């Protein structure tokens, strides 16, 4: 059990900084007037803070149970900090549009950014949630999904899920 948490710790302390830095780079490429909105600055500050907190574990020993436990708490803190990223980023786009209007090229570029940003966010969130669900302290089997490992269903048939979703929408 502890070996799995150590493995997750070692993976996440390497993987999360890369993913966070990539998102931060994407944000920095936004139009200046969008970057200057209070909401986008707030989101940007959350990513900076989260990256700094994860980097604090870069040289920690994976056999140090206190460091691994502290990492788990940090992951929970980061996950909670980023709960409102989507509405806050959306507010930034609204602030930008209200102040500067909309032109088709900028609008298309911002939409492209948002698509990539949200996909990146989903992947980071999944990693944070998985670590938290597996090692977060109150680890219990979810009665609705007793065979899941954290949030992952190892028996998931993706094709059937897609077909089922398609049938439900028609």
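In the working numbering, the protein residues as written are 622 to 791. Ideal Cβ positions, reconstructed from N, Cα and C, are used throughout, including at glycine. Since we're looking at a predicted model, the values are computed, not measured.
Short Cβ contact (8 Å threshold) for residue i with residue j
i: residue 700; j: residue 753; result: yes
i: residue 706; j: residue 737; result: no
i: residue 710; j: residue 744; result: no
i: residue 669; j: residue 631; result: no
i: residue 748; j: residue 663; result: no
i: residue 751; j: residue 773; result: yes
i: residue 698; j: residue 652; result: no
i: residue 675; j: residue 650; result: no
i: residue 648; j: residue 673; result: no
Residue i, buried or exposed, once every other Cβ within 10 Å from all chains shown has been counted against 16
i: residue 693; result: buried
i: residue 671; result: buried
i: residue 686; result: exposed
i: residue 721; result: exposed
i: residue 779; result: exposed
i: residue 790; result: exposed
Span separating the alpha-carbon of residue i from that of residue j
i: residue 785; j: residue 629; result: 32 Å
i: residue 636; j: residue 733; result: 24 Å
i: residue 723; j: residue 690; result: 47 Å
i: residue 746; j: residue 756; result: 15 Å
i: residue 654; j: residue 708; result: 19 Å
i: residue 683; j: residue 714; result: 41 Å
i: residue 696; j: residue 680; result: 17 Å
i: residue 768; j: residue 656; result: 44 Å
Residue-level contact to chain D via CB, residue i, 8 Å cutoff
i: residue 737; result: The structure shown contains no chain D, having only a single protein chain.
In chain order, what are the residue ranges of uninterrupted alpha helix (DSSP H) at least 4 long that sit wholly in the segment 698-751? With a minimum length of 4 residues, the continuous alpha helix (DSSP H) runs that stay inside the segment 698-751 are 706-721.
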